[in-house]
Each structure stands twice: as structure tokens, then as C-alpha cells.
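Going by this note's numbering, the first residue of the sequence shown is number 104, and it counts up by one from there. Worksheet: the structure to be examined is printed underneath.
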Amino acid sequence: MAKNQPPKWDLRDFYKNTNDSQIQKDQKLIKKLASDFIKKYKGKINSPKLTPDLLLSSLKDIERLDETLYILQNYAYYLHAQDSKDSKIGQFYQQIEEFGNKSTSELLWFLLEWQKLDNKHAQKLLKGPLLSTYKHFLSHARAFTPFRVSEAEEIILTKKSMAGSQAFIRLYDETSSQERFALGKQRLTMSQLSPILKSHPSRSTRKQASEVLTQVLKKHSHFYTFTLNNLLLDKKINDEIRGYDYPQQATFLSYEM
104 MAKNQPPKWD
114 LRDFYKNTND
124 SQIQKDQKLI
134 KKLASDFIKK
144 YKGKINSPKL
154 TPDLLLSSLK
164 DIERLDETLY
174 ILQNYAYYLH
184 AQDSKDSKIG
194 QFYQQIEEFG
204 NKSTSELLWF
214 LLEWQKLDNK
224 HAQKLLKGPL
234 LSTYKHFLSH
244 ARAFTPFRVS
254 EAEEIILTKK
264 SMAGSQAFIR
274 LYDETSSQER
284 FALGKQRLTM
294 SQLSPILKSH
304 PSRSTRKQAS
314 EVLTQVLKKH
324 SHFYTFTLNN
334 LLLDKKINDE
344 IRGYDYPQQA
354 TFLSYEM
């Protein structure tokens, strides 16, 4: 990576470029996998008839879908991260984000059904050897059961996030990635300054980096404060809807604390 330049990654292991025909093929595959998944499993997970074999089959099927979507979304994300000023890349990134949000929304019922499954039946399934690979994932998912809402409400929360928290995060990323920090003779990006702040062996250099960071961000303090406050408000509203008792509860559950 050249000095003082934004990061450049070789993303050809994902796709050749944004016009790669494989992108559309993967989107079509994801749509088909989602459609087949719904037809095959919806209504059969939250059921006393659920067997280890059926649950294992569903997990393997959704894993394939998630892996394909993960590659697609990561390609768009890293492409945008290395050039957030390019409008065509920005448009591509937005399109993939919307596609991913729609795909995710269509499959929210799967975990909801598993979380609503009778606890005795769920524990019996988890004790068997067939699901040992997925046992931790399945057990951890049920920890969030008290804080889930209906499928329709989950879909609303997921879709609204595109114009809420996700939009503010993207705006923050695009803005902060364009900031430049003068450290000595260098003009550094945020990503280049961060490791200096955290682990540079010279205390005076770390202090100087901290002062430079403060000076630059202070110029746009209204923007950064407004963005942070809106993200906090968005989380507060979501926590209230889900019934969390305190702000850190969802995070502690995620970290299994």
C-alpha cells in the first residue's frame, strides 16, 4: 500500500469487477435458494415434529445462502471502502446493501421459529450428536427469545434500518475516510492514524497523533455529535421495542456475558 493513500485490495478473488456476470448469477442463486428454503422449511421449524435431520438440513441450506450473500456484500463493502468518492461504486454498494436487506428480511422467520420452539423439544434436539456442529449457534440464538417481536415487526425493523442506523454509519464512514491528518510531513487517513494512536512505541508520537485527531474532528464536531446521538437514539428505540432492561443488555447477550 502506498504511503498516504487509501487502502487498495485485490478483490478479484470475489469478482473481476462490478460488471462481472457472476454477480448477477449469484443474486439469482440467492433468490432461488431463498425461495426454495421458504417452501421447504417455513412452518416446520416451530413444530413438535421437527427432527434433528430436518433441522440439520435447514441449517446447511441456509448456510450456503448466507455464504454466497456474505461474499457479495463483502465485495461491495471493500470496494466502497477503498474509494468512497466514486459515485458508480457508491450506487453499486447501495444496490447490494438493499438486495442483502431484502434477502435477510425474507428469512427472518427461520430463527424466530427456532426461538419459539418448545424448550423441552429444543433441548432434546441439542443433546443429540447430529447437531453438535451447530449446537452453540442454536443455543445462543435462543438466549434472545424474550426480546424478539413478531415476524412482521422484525421485518419492519430490518427494512427501516437501511434509512436509519445503517445510513448514518455509511455517512460516518464516507466522511471520516476523507479526513486527512497532518502528522509531521505525512498526511494520513483515519485508518493509517489509528494504529499510531494505539501502538506506536513513542509516547510523544502517540500524543501528537491524538492532538491531530482532536483538531480535525473538532472542525466537524456538530456532524459527528449529531451522528452519534442519532445512532444512540436508534438503539434506544429498538431496545424499548424489544423490551431490554438496560442499554448494555443486548451487547452482553451477544458476548455471552
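Backbone N, C-alpha and C define an ideal beta-carbon position, used for all residues, glycine too.
Expected contact under 8 Å - CB spacing of residue i and residue j to nearest Å
i, j, result
"Leu136", "Arg167", "7 Å"
"Pro344", "Val252", "Pro is not the amino acid found at residue 344; the sequence shown has Ile there. That pair is a contact at about 7 Å."
"Ile148", "Phe202", "Contact doesn't hold; Cβ gap of about 25 Å is too wide."
"Asn341", "Leu260", "7 Å"
C-beta atoms of residue i and residue j nearer than 7 Å
i, j, result
"Gly346", "Phe250", "yes"
"Leu211", "Glu170", "no"
"Phe271", "Val319", "no"
"Thr121", "Phe195", "yes"
"Tyr118", "Gln125", "yes"
"Ser268", "Asp337", "yes"
"Leu153", "Tyr237", "no"
"Leu286", "Ala266", "no"
"Tyr275", "Thr330", "yes"
"Ile199", "Ala184", "no"
- Item | Within the segment 245-293, ranges of the alpha helix (DSSP H) (whole runs, at least 4 residues) | 254-263 and 268-280
- Cβ pair count under 8 Å reaching 3, the segment 235-251 against the segment 170-187: no
- Query: Which residue spans inside the segment 180-217 form an unbroken alpha helix (DSSP H) run of at least 4?
  - Reply: 190-209
- Pairing CB atoms from the segment 151-163 with CB atoms from the segment 225-233, are three or more of them under 8 Å? yes
- Which ranges does the beta strand (DSSP E) cover as unbroken runs of at least 3 residues, wholly within the segment 289-331, from first to last along the chain? 289-291
- Task: Inspect the CB distances between the segment 202-218 and the segment 132-152 and report whether three or more fall short of 8 Å.
- Result: Short answer: they touch.
- Item | Segments assigned beta strand (DSSP E), at least 3 residues, entirely inside the segment 128-153 | none
- Message: Assess contact between the segment 300-310 and the segment 216-223, defined as three or more Cβ pairs (one per stretch) separated by less than 8 Å. Is contact present?
- Response: No, the segment 300-310 does not touch the segment 216-223.
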